[in-house]
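In this note's numbering, the protein residues as written are -9 to 140. All residues carry an ideal CB built from backbone N, CA and C; glycine is no exception. Just so we're clear, the structure is a prediction, and the values are computed from it rather than from any experiment.
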C-alpha cells in the first residue's frame, strides 16, 4: 500500500526569498524551532545541503535526493529509523516553493509519499504534514518579523 499527504500555504513574499529560508540546513533548524519538545538534536552527518546531504534529526536520518534551486524543489528520503523501523519501505518528503504570477507571493507545498511494507500493520494515521505546516508558519512569522525591522 502507498499513499500521499500534502499541505500548502500561501506566503506574501517572493519565492526566492522563501526558498533561502529552506537553505542547506535551515529547514532542519526551522523544524527544531517549530517543534522544540520533539526534535532534541540535529546533526549534519554528511554534506552541506546539496543532493546526498544526510541530516540526523533525533533518531531518524534523511538523505537529500533532489535539490533544485532554480525551481525551488527539495526532496528527502528517510534512510533509517523512525517510520522505516515501524513498517514503511518509503518515507519521502517533497518541498516546493512555487512563485505566483505576482512577484510578492508564493505557495509553500509539502508532500509526503510513503509505502507500507507488504504484510506490515503500520497505522497510516501517523503520517502527518503537521511538522511541515508548523515550519511554514515559522517561516511566515520570520518574514513578517524581518519586514518589520527593515
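Check: Would you kindly work out how many angstroms separate the C-alpha atoms of residue 91 and residue 62, rounded to a whole number?; Outcome: 15 Å
Check: Using the beta-carbon count (16 or more within 10 Å), is residue 53 buried or exposed?; Outcome: buried
Check: Within the same chain, show all residues whose beta-carbon is closer than 8 Å to that of residue -4, passing over the 5 residues directly before and after it, in chain order.; Outcome: 99, 100, 101, 102 and 119
Check: Using CA coordinates, which residue listed in 69, 89, 3 and 86 is at the minimum distance from residue 80?; Outcome: 69
Check: Mind checking residue 49: buried by the 16 CB within 10 Å criterion, or exposed?; Outcome: Note that residue 49 scores a pLDDT of 41, beneath 50, so its modelled location is shaky; the value from the coordinates is reported in the next line. Per the 10 Å Cβ criterion, exposed.
Check: Can you check which of these residues, -9, -7, -2 and -6, is closest to residue 89 by C-alpha distance?; Outcome: -2
Check: How far does the beta strand (DSSP E) with residue 8 in it reach, from first residue to last?; Outcome: Counting along the chain, residue 8 falls outside any beta strand (DSSP E), though it belongs to the alpha helix (DSSP H) covering 5 to 11.
Check: For residue -7, does the three-state DSSP call read helix, strand or coil?; Outcome: strand
Check: Measuring alpha carbon to alpha carbon, tell me which of -8, -7, 2 and 113 ends up nearest residue 135.; Outcome: 2
Check: Grouping DSSP H, G and I as helix and E and B as strand, with all else coil, what is residue 91?; Outcome: coil
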